[in-house]
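Data first, discussion second: the structure below is written as structure tokens.
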Amino acid sequence: MRIGQGFDVHAFGEGDHVMLGGVRVAHSQGVLAHSDGDVVLHALCDALLGALALGDIGKHFPPSDEAWRGADSRSFVRAVANMLAERGYSLGNADITVICEAPKVGPHAQAMREVIAADLGVDIDCISIKATTTETLGFTGRREGIAALATVLVQRA
Ligand code: MG
Numbered sequence: 010m011r012i013g014q015g016f017d018v019h020a021f022g023e024g025d026h027v028m029l030g031g032v033r034v035a036h037s038q039g040v041l042a043h044s045d046g047d048v049v050l051h052a053l054c055d056a057l058l059g060a061l062a063l064g065d066i067g068k069h070f071p072p073s074d075e076a077w078r079g080a081d082s083r084s085f086v087r088a089v090a091n092m093l094a095e096r097g098y099s100l101g102n103a104d105i106t107v108i109c110e111a112p113k114v115g116p117h118a119q120a121m122r123e124v125i126a127a128d129l130g131v132d133i134d135c136i137s138i139k140a141t142t143t144e145t146l147g148f149t150g151r152r153e154g155i156a157a158l159a160t161v162l163v164q165r166a
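If you're matching positions, the sequence shown starts at 10 in our numbering and goes up one per residue.
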């Protein structure tokens, strides 16, 4: 077994929704990003890559590459899942925490779990989505951006 951790942040900007865990969530702002700016899926990809010491998401899907402009981050997850499988590993479980004052994550957590489980080819009970605020402190507390943390365990298939 191996473990990995990931962290991602995107600043809020113009827009009317954010992508979280592959789910479109209505919000008073969007996020500034080269791809779709899905902090949940980016943190998850970094955790999976980290578990196998394969570098980070920026190495595999560089923001300098026009191919990833506006990219659906689910394609990153599926690509990373393939890297895992090629090396003989599968996901044991993933525990993800979204950090923001808004939007509310809870009502969308189940849909996010379903998307992620489908893209990784695992049971939904292998995927945990939690949320917290920072009690109005710091950049998330000031509603300047949104962050996510992911921890994964992978095991030889
Ligand atoms: Mg990101």
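In this text, a Cβ means the ideal position worked out from N, Cα and C, and glycines have one as well.
- At least one heavy atom of the ligand MG sits closer than 7 Å to the Cβ of glycine 46.
- Here glutamine 38 is buried, its C-beta having at least 16 other C-beta atoms within 10 Å.
- Sorted by chain position, residues whose beta-carbon lies closer than 5 Å to a non-hydrogen atom of the ligand MG are Asp17, His51.
- Taking the CA atoms as reference points, valine 40 sits about 29 Å from valine 131.
- Contact between the segment 150 to 163 and the segment 45 to 54 is present: three or more C-beta pairs spanning the two stretches fall below 8 Å.
- Per DSSP, threonine 145 has no beta-bridge partner at all.
- Distance from glycine 67 to valine 163 at the Cβ level is roughly 20 Å; contact not present, criterion being Cβ atoms closer than 8 Å.
- Counting only residues of its own chain and dropping the five nearest sequence neighbours on each side, arginine 122 has a CB closer than 8 Å to the CB of Gly30, Ile133, Ile136, Ser137, Ile138.
- Runs of the alpha helix (DSSP H) lying entirely within the segment 65 to 147, each at least 4 residues long, are 66 to 69, 82 to 95, 115 to 129 in chain order.
- Aspartate 17 is a Cβ neighbour of valine 48, given a cutoff of 8 Å.
- For aspartate 104, the closest of Gly147, Ala111, Leu57 by C-alpha to C-alpha distance is Leu57.
- Alanine 90 and glutamate 23 have their alpha carbons spaced roughly 31 Å apart.
- Going by C-alpha positions, isoleucine 108 is about 20 Å away from valine 86.
- Rounded to whole angstroms, the gap between the alpha carbons of leucine 93 and alanine 62 is 11 Å.
- In this structure, the straight-line span from the alpha carbon of proline 112 to that of histidine 69 is close to 29 Å.
- Under the three-state reduction of DSSP output, aspartate 45 falls in the coil class, being neither helix nor strand.
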